[in-house]
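Report on the structure given below.
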Amino acid sequence: MKFTKMQGAGNDYVYVNCFEATVQDPAAVAVKVSNRNFGIGSDGLILIMPSEVADVRMRMFNSDGSESEMCGNGIRCVAKYAYDHGIVAKKEITAETGAGILTLQLFTGADGKVEKVRVNMGPPRLIRKEIPMVGNPEEKVISEPLNILHSTFNITCASMGNPHCVIFVDDVDNFEVAKYGPLIENHELFPRRTNVEFVQVISRTEVRQRTWERGAGETLACGTGSSAVTAACVLNGLTEKKILNHLTGGDLEMEWSEDGNIYMTGPAVEVFSGEINID
1 MKFTKMQGAG NDYVYVNCFE ATVQDPAAVA VKVSNRNFGI GSDGLILIMP SEVADVRMRM
61 FNSDGSESEM CGNGIRCVAK YAYDHGIVAK KEITAETGAG ILTLQLFTGA DGKVEKVRVN
121 MGPPRLIRKE IPMVGNPEEK VISEPLNILH STFNITCASM GNPHCVIFVD DVDNFEVAKY
181 GPLIENHELF PRRTNVEFVQ VISRTEVRQR TWERGAGETL ACGTGSSAVT AACVLNGLTE
241 KKILNHLTGG DLEMEWSEDG NIYMTGPAVE VFSGEINID
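For the sequence shown, this note's numbering assigns the number 1 to the initial residue and increments by one for each residue that follows.
The structure is reproduced here in structure tokens:
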């Protein structure tokens, strides 16, 4: 199988051009290629596919083989691959995902290749039935207490096509993400599990985020998570609508626009290409 390894703010995936190839069992392939000791090493597998309703289609599989609806960092790399490798020839494209069709603006460097992508991530979905969460289906979850072990966290939840649980902490760099992340991911409140973002507010325009990603563990970045964090910050009155989010793998420029959509701008980088025997 031919592949290309790409990363956006350190959130790395193995990409396969399915305009030219077919992946028979992507869930199993995702587990194999993601292994950082015996595979290529990644947070998962992303297939770049033809679409009947958009310029390209993205399917994304976590490192445990489970399929997710969307990946904000991954879709920027899909856009870069599609442009740099001649699948598309324009700088504003559409991408079909499990979370709907998204519009992306591409910014190229001196070499003519894409360096940065701005994604319209759509509006945050804030009521329980849309996230989804157990409880009153029409209710929003903003700073709601959740007891885990001997601690109580105030959670704010949203969907950006996939579920997110945002928790504000005082010292995110020393927070026990690996301890609490999986407990919240698999909590009975979330019938499809959830991604968990632990966030420290630095100022009205800056935050620092760490992510426990559903099906992958802690990752260096999460674009849909950064979008959910942007909404949570505003809903809790902690920041302005335009912020800079410092993730472990790099920075993302975020804006909850007056049109109701959240826009994310960040890097997309091709690391290397190769072939792997997946038999």
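Every residue, glycine too, gets a C-beta built ideally from N, C-alpha and C.
Taking C-beta separations shorter than 6 angstroms and ignoring five residues to either side along the sequence, the partners of residue 138 in its chain run 127, following chain order.
Comparing C-alpha distances from residue 181 to each of 29, 192, 173 and 165 shows the shortest one belongs to 165. Residue state for residue 77 is assigned as helix, using DSSP reduced to three classes.
Assigned with DSSP and collapsed to three states, residue 185 falls in helix. Taken in chain order, the unbroken stretches of alpha helix (DSSP H) that lie wholly in the region 134–208 and span 4 residues or more are 177–185.
Residue pairing from DSSP leaves residue 248 without any beta-bridge partner.
Around the beta-carbon of residue 14, 16 or more other beta-carbon atoms lie within 10 Å, marking it buried. In the structure shown, the three-state DSSP call for residue 95 is strand. Going by beta carbons, residue 121 and residue 264 fall inside the 7 angstroms limit.
Closest by C-alpha distance to residue 124, out of 40, 159 and 173, is 159. Straight-line spacing of the CA atoms in residue 82 and residue 196 works out to 30 angstroms.
In this structure, DSSP gives residue 242 an extended state, which the three-state scheme calls strand. Inside the region 96–124, DSSP marks no whole alpha helix (DSSP H) run of 4 or more residues.
65 is the residue among 8, 65, 236 and 21 whose C-alpha sits nearest the C-alpha of residue 215. Approximately 4 angstroms separates the beta-carbon atoms of residue 200 and residue 172; this is inside 8 angstroms, confirming the contact. The C-alpha of residue 194 is placed about 16 angstroms away from the C-alpha of residue 143. A distance of 7 angstroms or more separates the beta carbons of residue 24 and residue 271. Of the candidates 75, 34, 58 and 211, 58 places its Cα closest to the Cα of residue 18. Here the alpha carbons of residue 52 and residue 97 stand approximately 12 angstroms from one another. In summary, residue 268 is buried, with 16 or more beta-carbon neighbours lying within 10 Å of its beta-carbon over all protein chains present. Check the Cα spacing between residue 259 and each of 136, 241, 11 and 154: the tightest is with 241.
Counting along the chain, no beta strand (DSSP E) covers residue 225; the unbroken alpha helix (DSSP H) around it starts and ends at 223–235. Under the DSSP assignment, residue 273 falls in the beta strand (DSSP E) whose first and last residues are 269–275.
Note on residue 174: under 16 other CB atoms within 10 angstroms of its CB, so exposed under the neighbour-count rule. Residue 4 is classed as buried because its beta carbon has at least 16 other beta carbons within 10 Å across all chains shown. Taking C-alpha positions only, residue 191 is separated from residue 103 by approximately 29 angstroms.
Boundaries cannot be given for residue 90, as no alpha helix (DSSP H) includes it and DSSP labels it neither H nor E. When Cβ pairs closer than 8 angstroms are counted between the two stretches, the region 202–214 is seen to touch the region 244–253, the count reaching three or more. Counting along the chain, residue 29 sits inside no beta strand (DSSP E); it lies in the alpha helix (DSSP H) bounded by residues 26–34. Cβ contact annotation for residue 69 (same chain, cutoff 7 angstroms, sequence separation greater than five): 97, 98, 99, 161 and 162, in chain order.
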